[in-house]
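**Student:** Let me begin by handing over the structure; questions about it come next.
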Amino acid sequence: DGGITQSPKYLFRKEGQNVTLSCEQNLNHDAMYWYRQDPGQGLRLIYYSQIVNDFQKGDIAEGYSVSREKKESFPLTVTSAQKNPTAFYLCASSVGRQPQHFGDGTRLSIL
Amino acid sequence: GQQLNQSPQSMFIQEGEDVSMNCTSSSIFNTWLWYKQDPGEGPVLLIALYKAGELTSNGRLTAQFGITRKDSFLNISASIPSDVGIYFCAGQPRRIANFGNEKLTFGTGTRLTIIP
């Protein structure tokens, strides 16, 4: 089945540690996105990529990094510089003018 | 970044009731989208709207693209237990370049609860 796969479902980070969240899609979509969701809030854009080997900062990029080496993959690294990383992270993809479709998310918590 | 004003924040209704929610923005949007999110899962697209004044239905759901381009409405008729969840609106600004995928701005969500 075509879709967006995020892994792991749950992730725990220790102080000072970098962690990487995986996002893979087999929809042949050009654009991919990372959002952060906090309780009672809407989704906030962290980074997005419209094409391989290119990406742009979203509204809350500080403390995060991404790469887009393959069309299917858009991993997000939460660095130790992100002081409040506990949140639900959502990956999305889209093609042309079609709406974004989302994965099932990764919940990141601090140990 | 901007967030849309979505209301109400939460709704408590009985099964079978109709539901209405809306989103407003200070900026003009070219596209309005409505998503539903179940606990622990990603948002799922319900309805997409592309023209001012457009009224689109998806089963018991009906959404409208406001004529001013600054608001959108979602109605659910005859609610059932599986309608429980959080509903998000999202808007895309007017297109400048004729390619690519513009950033979405999301509302803060409407949490729908059905009282037994």
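From first to last, the protein sequence lines stand for chains A and B.
Going by my numbering, the first sequence opens with residue 1, and the numbers climb by one from there.
Going by my numbering, the second sequence opens with residue 1001, and the numbers climb by one from there.
Beta carbons are placed, not taken as given, at the ideal position from N, Cα and C, and that holds for glycine.
(1) So what does DSSP say about residue 1083 of chain B, is it helix, strand or coil?
(2) Check whether the Cβ atoms of residue 85 of chain A and residue 108 of chain A sit closer than 9 Å, and answer yes or no.
(3) Along the beta strand (DSSP E) that carries residue 1048 of chain B, what are the first and last residues, could you check?
(4) Mind listing the chain C neighbours of residue 100 of chain A? Cutoff is C-beta to C-beta under 7 Å, in chain order.
(5) Is it a yes or a no for the segment 1076–1086 of chain B touching the segment 1012–1027 of chain B, going by three-plus beta-carbon pairs under 8 Å?
(6) Take residue 28 of chain A as the anchor and find which of A/64, A/63, A/50, A/60 has the nearest alpha-carbon.
(7) Taking the alpha carbon of residue 6 of chain A as the reference point, which residue from A/18, A/13, A/17, A/22 has its own alpha carbon closest?
(8) Leaving out five residues before and five after residue 1047 of chain B in sequence, what residues of the same chain have Cβ atoms less than 7 Å from its Cβ?
(9) Can you find a CB in chain B that lies within less than 9 Å of the CB of residue 87 of chain A?
(10) Nearest chain A C-beta to residue 1054 of chain B closer than 9 Å, yes or no?
(11) Would you identify the three-state DSSP class for residue 101 of chain A, choosing helix, strand or coil?
(12) DSSP three-state label for residue 28 of chain A, please.
**Tutor:** Based on what the coordinates show:
(1) As a working note, residue 1083 of chain B is residue 83 in the second sequence. In this structure, residue 1083 of chain B counts as helix in the three-state DSSP scheme.
(2) As a working note, residue 85 of chain A is residue 85 in the first sequence. As a working note, residue 108 of chain A is residue 108 in the first sequence. Closer than 9 Å, so yes.
(3) In the second sequence, the residue the question calls residue 1048 of chain B occupies position 48. That run of the beta strand (DSSP E) goes 1044–1049.
(4) Of the protein chains in the structure, A and B, none is chain C.
(5) With a cut-off of 8 Å, the segment 1012–1027 of chain B and the segment 1076–1086 of chain B count as touching, because enough Cβ pairs lie within range.
(6) Within the first sequence, residue 28 of chain A is the residue found at index 28, counting from 1. Of the candidates A/64, A/63, A/50, A/60, the residue whose Cα lies closest to the Cα of residue 28 of chain A is A/50.
(7) As a position in the first sequence, residue 6 of chain A is number 6, starting the count at 1. Considering only alpha carbons, the answer is A/22.
(8) Taking the second sequence and counting its residues from 1, one reaches residue 1047 of chain B at position 47. So the qualifying residues of the chain are 1034, 1056, 1058, 1061, 1063.
(9) Locating residue 87 of chain A in the first sequence gives position 87, where the first residue counts as 1. Taking 9 Å as the threshold, the shortest C-beta distance from residue 87 of chain A to chain B does not fall below it.
(10) For the purposes of this step, residue 1054 of chain B is taken as the residue at position 54 of the second sequence. So, not an interface residue.
(11) In the first sequence, residue 101 of chain A corresponds to position 101, counting from 1. Here residue 101 of chain A sits in strand by DSSP.
(12) Numbered from its first residue, the first sequence carries residue 28 of chain A at position 28. DSSP places residue 28 of chain A in coil when its eight states are reduced to three.
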